[in-house]
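What follows is a single structure, written as structure tokens, with notes after it.
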Amino acid sequence: MSTILPARHQRPLPLDQLILRDPPGAEAIEMDVVIVGAGPAGLACAIELTRLAEREREAGGNLGELNIAVLEKAGALGEHSLSGAVVNPRAFHDLFPDLNPSDFPFRQPVRGEAVYFLTEGRAQRVPTPPTMHNAGFYTGSICEIVRWLGERAEGAGVNLFAGFPVDSLLVEGDAVRGVRTTPSGLDRDGKPGSEYAEPTDVTAKITVLAEGTRGPLSQAWREWQQVGSANPQIFALGVKEVWETKRPLESVIHTLGWPLPDDAFGGSFMYPLGKNQVALGIVVGLDYHDATLDIHELLQRMKLHPLFRKYLEGGQLLEWGAKTIPEGGFHALPARRSGDALLMVGDAVGFVDVPSLKGIHYAMHSGIYAARAAFAALQAGDTSAARLSIYDKMVDESYIIADMYRTRNMRLAFKDGLYVGGFKAGLMTLSGGKLFGGRVDMPEDAAAPRRLDEPREFTPDGKLTFSKLDAVFKSGNATRDTIPSHLLVGPDVTGEVADFYSHVCPAGVYERVGDELRVNAPNCVDCKATDVLGPRWTPREGGSGPKYRAM
Ligand SMILES: Cc1cc2nc3c(=O)[nH]c(=O)nc-3n(C[C@H](O)[C@H](O)[C@H](O)COP(=O)(O)OP(=O)(O)OC[C@H]3O[C@@H](n4cnc5c(N)ncnc54)[C@H](O)[C@@H]3O)c2cc1C
Ligand code: SF4
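Each residue of the sequence shown is one higher than the one before, counting from -18 in the numbering used here.
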């Protein structure tokens, strides 16, 4: 049987674009700290920095006002944010000790939960594994959470720049001196058009990379500084929808099994978001074996199952979106997450606990620790790698690493398939991670060969199930058609590889036309699956991409 090896068709990272040794431009904006990405990690970092600065001022310290900038690629805060989400509120309590849970931007407390094993027509309830208990947590929309955190950050004096994607790190020797944003207003050939605006340089004593999953800047910094990890990072793609329903959902639901094939790792979720809204999605590891597997289509099929159908029928699709999740866990964490004038936080590092599908509170707490390390470094007037390595120590001694160590091999066990993996994961849970505790080797996702199976036919009905084109419309994506492509296609892309990309991409960016690949770049919703398995994703003009509201 013929196979495709995705890595054979991938380009290396464009390091010459991502790491620049140019001196900053004369008009550069000067900051103390610049944070790339206004997700929960970046915003928690900014808020904690303002708290520390205020406390220092009150105590008569001499550091003075801190200039903090957060640069975000989305046109408005939250528009590129996508999660489940069931939220563990502990980072909120730490960051806002004077507030109550009812003040936080959550939709509702988790009132019950159920896990089901699905076959095509049936749902068998199974005991909830301890890693999936959510009592004391809340459901919410990360778009709303991010907007709320943004308001708090802005109120505390942080400079928030939405619509400013960072294109490159500005470096000198081994130190990061700041960032350069993307230009905007380029035409399809990459030439300045009538709306052209030049890139902006922002220099800073410390740069914090909070760019989320599969960030090209974090990848580039690690490659440049040769920061490795025991295992390569691996990823899953989550495709998600928000629905208005006719009947309320009471419990948080997770499922295993159908519609996934046995040799793919993943599962689905459906969360209540108040009286008449639910969030539902499917998450699938990108090391799956069948080249025709299509995760958007799996979600569409899944909604036809009676378990989901009874809630969705007669309701309305409000929003659609997709995003990757770093799944490698403890063994895929970079050996260090700090360097000369540089810190990395949140999903950019891979702080996600896969068995519980949680990353928000880890992202926020890593941002808080980064703020503490950055503040101490600014106070000491020393932002060297040695001084900032205190951040690694704080994270290593925190509950983030304790949690991730406990579940270190659970995701990796599933490379043996659903049944063997499920059995091993159960024993790992019972033994607190001790059983099968040695590191399981994992290749990177692009190194897993794909079988060329026969594609299955699926025709969306436009009521319960939707095509990729309709889905992109529901993401709010209104990127201008004349934008140059930000996707760097690799070598030897045959018709079969083009077909494979068309299945990987949930947003219909790739099409096979004859034996050629057609790239509809404006459709891209920045999920980054392509960067894991196909053409490289690079930052593009600010405000492009989705406009999520309640993802
Ligand atoms: C389908 C799905 C379900 C999930 N469910 C849950 C859940 O139920 N509970 C939970 O706790 N976690 C869940 N997670 C994980 C959680 O969402 C992440 O761990 C968390 O969002 C990480 O926060 P972050 O700030 O590190 O990254 P992000 O939230 O991804 O934020 C990064 C920000 O950086 C911006 N950015 C990226 N590149 C650039 C650039 N070059 N320039 C400027 N800005 C840039 C992005 O637009 C984004 O706003 C889920 C994730 C997915 C995908
Ligand atoms: S082109 Fe890549 S990053 Fe963009 S939506 Fe498709 S898979 Fe996601």
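We treat Cβ as the ideally placed atom computed from N, Cα and C, and that holds for glycine.
For clarity, every value in this text was computed on a predicted model and none was experimentally measured.
Inset, instruction - Give a single yes or no on whether Thr181 has its beta carbon closer than 7 Å to a heavy atom of ligand 1. - result: no
Inset, instruction - Could you tell me if Gly523 is buried or exposed, where buried requires 16 or more neighbouring beta carbons within 10 angstroms of its beta carbon? - result: buried
Legend entry - Reduced DSSP secondary structure (H/G/I, E/B, other) of Asp148: strand
Inset, instruction - Take every Cβ of the segment 32 to 45, pair it with every Cβ of the segment 60 to 73, and state whether three or more of those distances are shorter than 8 Å. - result: no
Inset, instruction - Would you give the residue range spanned by the alpha helix (DSSP H) that Glu135 belongs to? - result: Run containing Glu135: 123 to 136, per the alpha helix (DSSP H) assignment.
Legend entry - Best match in Leu299, Leu237, Thr184, Pro197 for proximity to Lys455 [C-alpha to C-alpha]: Leu299
Inset, instruction - List the whole-angstrom C-beta distance separating Leu324 from Val189, where the pair is believed to meet the contact cut-off of C-beta under 8 Å. - result: 5 Å
Legend entry - Distance between Gln206 and Asp321 (C-alpha atoms, nearest Å): Cα-Cα distance, rounded: 10 Å.
Inset, instruction - For the beta strand (DSSP E) containing Tyr482, list its first residue and its last residue. - result: Annotation: Tyr482 is outside any beta strand (DSSP E); the continuous alpha helix (DSSP H) that includes it extends over 476 to 485.
Legend entry - Bridge-paired residues (DSSP) for Trp224: Val259, Leu298
Inset, instruction - Have a look at Tyr119, Gly526, Asp426 and flag the residue whose alpha-carbon is nearest the alpha-carbon of Gly545. - result: Not covered by the structure: residue 545. The range shown for the chain is -18 to 532.
Inset, instruction - Measure the beta-carbon distance from Met532 to Ser337 and round it to whole angstroms, keeping in mind my assumption that it falls under 8 Å. - result: Incorrect: roughly 20 Å between the Cβ atoms, too far for contact.
Legend entry - Nearest-angstrom Cβ-Cβ length linking Gly163 and Arg521, presumed shorter than 8 Å: Position check: residue 163 holds Thr in this sequence, whereas Gly was assumed. Indeed they touch by this definition, with Cβ atoms about 6 Å apart.
Legend entry - Secondary structure of Arg(-11), DSSP reduced to three states: helix
Inset, instruction - Give every residue of the same chain whose Cβ lies closer than 6 Å to the Cβ of Ile10, excluding the five residues on either side of it in the sequence, and list them in chain order. - result: Val183
Inset, instruction - Taking only the alpha-carbon atoms, compute the straight-line gap between Gly419 and Gly310 and give it to the nearest angstrom. - result: So the two alpha carbons sit approximately 14 Å from each other.
Inset, instruction - Starting from the C-beta of Asp384, find all residues in its chain whose C-beta is less than 6 Å away, skip the five residues before and the five after it, and write them out in chain order. - result: Asp334
Inset, instruction - Take every Cβ of the segment 479 to 491, pair it with every Cβ of the segment 271 to 283, and state whether three or more of those distances are shorter than 8 Å. - result: yes
Legend entry - Bridge-paired residues (DSSP) for Tyr177: Answer is none; Tyr177 lacks a bridge partner.
Inset, instruction - Compute the Euclidean distance between the alpha carbons of Ser175 and Leu167, then round it to the nearest angstrom. - result: 8 Å
Inset, instruction - Tell me whether Lys509 counts as near ligand 2, meaning its Cβ is closer than 7 Å to at least one heavy atom of that ligand. - result: yes
Inset, instruction - Reducing DSSP to helix, strand and coil, say where Thr322 ends up. - result: Going by the sequence as given, residue 322 is Ala instead of Thr. Correct three-state label for Ala322: coil.
Legend entry - Minimum length 4: unbroken alpha helix (DSSP H) runs contained in the segment 191 to 237: 197 to 206
Legend entry - 6 Å CB neighbourhood of Ala104 in its chain, flanking five on each side removed: Residues Tyr97, Leu288 of the same chain have their beta carbon placed closer than 6 Å to that of Ala104, with the five preceding and five following residues left out of the count.
Legend entry - Any non-hydrogen atom of ligand 3 within 7 Å of Gly310 CB: Ligand 3 is absent from the structure shown, which contains only ligand 1 and ligand 2.
Inset, instruction - Could you round the C-beta distance between Leu218 and Cys508 to whole angstroms and report it? I think they count as a contact, below 8 Å. - result: 6 Å
Inset, instruction - Check whether the Cβ of His342 sits closer than 7 Å to any heavy atom of ligand 1, and report yes or no. - result: For ligand 1, at least one heavy atom lies less than 7 Å from the Cβ of His342.
Legend entry - Boundaries (first-last residue) of the beta strand (DSSP E) holding Tyr292: From DSSP, Tyr292 is part of no beta strand (DSSP E) but of the alpha helix (DSSP H) over 287 to 293.
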